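In the working numbering, the protein residues as written are 125 to 227. Glycine is no exception: its CB is placed at the ideal position from the N, C-alpha and C atoms. None of these values were measured; they are calculated from a predicted model. Structure first, then comments.
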Amino acid sequence: MSLTGFAQSEDIKQQVKEKVNEINDQIISVNEFLELTDDQKEEIQSILEKRLKEIDKAKRKGMDKNEIKKISKKYFQKIHKEVLNSKQKEAIKQAKERMKGKD
125 MSLTGFAQSE
135 DIKQQVKEKV
145 NEINDQIISV
155 NEFLELTDDQ
165 KEEIQSILEK
175 RLKEIDKAKR
185 KGMDKNEIKK
195 ISKKYFQKIH
205 KEVLNSKQKE
215 AIKQAKERMK
225 GKD
C-alpha cells in the first residue's frame with residue numbers, strides 16, 4: 125500500500141513539474157527575461173500539488189466535470205493573483221493568444 129502511495133506521489137510531482145515548466149515556457153516564449161524565479165516555481169508547485177489532490181478527492185466523491193473545472197480554476201487564479209507579476213501574466217496571455225492563432 126505504501127509503495128502505491130509513493131508511486132502516486134511521484135506521479136503527482138512529475139505532473140506538477142511538467143505544468144510548471146509549461147507555464148514558464150509560455151512566459152519565456154514572449155520574453156526570456158521574465159522567467160519564473162526558483163521561489164515562484166516552488167510556490168506554483170505547491171499550489172498545483174494541492175490542486176491535484178483536491179481534484180482526486182472530488183473525482184472519488186463522484187463530482188461532475190463542471191465542479192472539477194471550478195476547483196482547477198480556483199488554483200490557477202491563485203497562481204495568477206499571488207505568484208505571478210503583471211509582466212508574467214501579460215506574457216502568458218500573449219503566448220495563449222499566439223497559440224489560438226495557430227489553431
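The residue from Ile203, Lys217 and Ile151 with its alpha-carbon nearest to that of glutamine 169 is Ile203. Straight-line spacing of the CA atoms in isoleucine 179 and phenylalanine 157 works out to 33 Å. At a Cβ-Cβ threshold of 9 Å, glutamate 173 and lysine 137 count as neighbours. Taking a C-beta distance under 9 Å as the contact criterion, valine 154 and alanine 219 qualify as a contact pair.
Across the structure, lysine 143 and methionine 223 are spaced so that their CA atoms are roughly 17 Å apart. For isoleucine 152, the closest alpha carbon among the candidates Gln212, Ile171 and Glu206 is that of Gln212.
Within the same chain, and ignoring the five residues on either side of alanine 215 in sequence, the residues whose Cβ sits closer than 6 Å to its Cβ are Ile151, Val154, Asn155 and Leu158. DSSP, reduced to helix, strand and coil, places glycine 186 outside both helices and strands of the structure shown, so it counts as coil. In this structure isoleucine 192 touches lysine 183 by the C-beta definition: roughly 7 Å separates them, less than 8 Å.
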